[in-house]
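A.B. asks: Here it is: the structure, laid out below.
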DNA sequence: AGATGGATGCGCT
DNA sequence: GCGCATCCATCTA
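Numbering (the working numbering), first residue to last: 426 to 635.
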């Protein structure tokens, strides 16, 4: 399936859930990446927690307004976040990829993270971008297929979780409890690379089937 | 192992 | 000035 179809033919929360277990690759000379284990949906103008809430639009969040499959890289403090716009142009919804289980180019990612390894390598949205060596918004507004980023949509390459948990999103404004509580964060139950996963909740098999 | 709070830069009001 | 879609060192166990 092509990116446009994939990122427009379903509701954003369902797309987010479906991304769990798919490979995310950043290949800018060397293949880096792993399986998506955690992601959050942002539901657009009506979503109090979304950058596009109430139709807010500026150079900083323009990516959300582009067609589904467009990369939206947002910076906050010294950190960078990787999102993909969902739905048609001017319907500013998107997915935030929060964590991957590292598989490809692990040695390079450890170097990019100044020696940090194990779960600390990629168990958070800004950590993942550091692992890829990304320290700018350079790829913001690029379409996925015109960038070094690949999200593998081949079902044969997708890892299947034993269980996907839906929970409230992390670190968002609580002033609207209705939206703050919505279970729009999806993650692989028991996977050690999910942000803030408790040691006692981790599973030996990382929560994958087989 | 788990919880806490300071560091930190930039877009927006 | 303010308010963050965070990270990590440090503190109590």
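Glycine included, C-beta positions come from ideal geometry on N, C-alpha and C. Here the structure is a predicted model, which means the values were calculated and not measured.
#1: Where do the ends of the alpha helix (DSSP H) carrying residue 537 lie?
#2: Once you ignore the five residues that flank residue 620 on each side, which residues in its own chain have a CB closer than 7 Å to its CB?
#3: In the structure shown, what three-state DSSP assignment does residue 519 receive?
#4: Tell me which same chain residues have a C-beta within less than 6 Å of the C-beta of residue 473, skipping the five on either side of it?
#5: When the Cβ atoms of the segment 612 to 629 are set against those of the segment 473 to 489, are three or more pairs found closer than 8 Å?
#6: What did DSSP end up calling residue 508 once you bin it into helix, strand or coil?
#7: Take residue 591 and list the residues in its own chain whose beta-carbon comes closer than 8 Å to its own, dropping the five residues that flank it on each side.
#8: In whole angstroms, what separates the C-alpha of residue 471 from that of residue 588?
#9: If you count every other CB in all the chains shown that lies within 10 Å of the CB of residue 616, and 16 or more means buried, which is it?
#10: Counting pairs of Cβ atoms below 8 Å between the segment 550 to 560 and the segment 495 to 507, do you hit three or more?
#11: Quick test of your reading: residue 568 and residue 537, contact by CB under 8 Å. State the CB separation rounded to the nearest angstrom.
#12: Between the Cα of residue 518 and the Cα atoms of 530, 493, 498, which residue gives the shortest distance?
#13: Look up residue 456 in the DSSP assignment and give the residues it is bridged to.
#14: Find out if the Cβ-Cβ distance for the pair residue 516, residue 446 is shorter than 8 Å.
#15: State buried or exposed for residue 580, treating a residue as buried only when at least 16 other CB atoms are found within 10 Å of its CB.
#16: First and last residue of the alpha helix (DSSP H) that includes residue 429?
#17: For a quick check, are the C-beta atoms of residue 457 and residue 529 less than 8 Å apart?
#18: Label residue 465 either buried or exposed according to how many other C-beta atoms from any shown protein chain fall within 10 Å of its C-beta, with 16 as the threshold for buried.
#19: Taking the straight line between their C-alpha atoms, what separation do you get for residue 561 and residue 545?
#20: Residue ranges of each alpha helix (DSSP H) run of no fewer than 4 residues wholly in the segment 551 to 614, ordered along the chain?
C.D. replies: So, to answer that:
#1: Residue numbering aside, residue 537 sits at position 112 when the first chain is read from its first letter. Taken as a continuous stretch (DSSP letters only), the alpha helix (DSSP H) holding residue 537 covers 531 to 537.
#2: Counting from one through the first chain, the residue named residue 620 turns up at place 195. The answer, listed in chain order, is 463, 523, 524, 548, 549, 595.
#3: Taking the first residue of the first chain as position 1, residue 519 is located at position 94. DSSP places residue 519 in strand when its eight states are reduced to three.
#4: Indexing the first chain from 1 puts residue 473 at position 48. Hits under 6 Å: 601, 604.
#5: no
#6: On the first chain, position 83 is the one that residue 508 refers to. Strand.
#7: Locating residue 591 in the first chain gives position 166, counting from the first residue. Hits under 8 Å: 442, 608, 609, 610, 611.
#8: As a working mapping, residue 471 is identified with position 46 in the first chain. As a working mapping, residue 588 is identified with position 163 in the first chain. Going by the C-alpha atoms only, they are around 29 Å apart.
#9: Mapped onto the first chain, residue 616 falls at position 191. Residue environment analysis places residue 616 among the buried positions, since at least 16 neighbouring C-beta atoms fall within 10 angstroms of its C-beta.
#10: yes
#11: Sequence index remark: in the first chain, residue 568 carries index 143 (1-based). Sequence index remark: in the first chain, residue 537 carries index 112 (1-based). At roughly 25 Å, the Cβ-Cβ gap does not stay under 8 Å, so residue 568 and residue 537 are not in contact.
#12: To locate residue 518, count along the first chain from 1; it is residue 93. The option with the nearest alpha carbon to residue 518 is 493.
#13: For the purposes of this step, residue 456 is taken as residue 31 along the first chain, with counting starting at 1. DSSP lists 452 as the bridge partner or partners of residue 456.
#14: Position 91 of the first chain, counting from 1, holds the residue named residue 516. Position 21 of the first chain, counting from 1, holds the residue named residue 446. Residue 516 places its beta carbon 8 Å or farther from that of residue 446.
#15: As a first step, residue 580 must be located in the first chain, where it is residue number 155. Counting Cβ neighbours within 10 Å, residue 580 comes out exposed, since fewer than 16 surround it.
#16: Sequence index remark: in the first chain, residue 429 carries index 4 (1-based). From DSSP, the alpha helix (DSSP H) with residue 429 extends over 428 to 431.
#17: Residue 457 sits at position 32 when you count from the first residue of the first chain. Residue 529 sits at position 104 when you count from the first residue of the first chain. In this structure, residue 529 lies closer than 8 Å to residue 457 by Cβ.
#18: Counted from its first residue, the first chain places residue 465 at position 40. Label assigned to residue 465: buried.
#19: Numbered from its first residue, the first chain carries residue 561 at position 136. Numbered from its first residue, the first chain carries residue 545 at position 120. Computed Cα separation, rounded: 21 Å.
#20: 602 to 606
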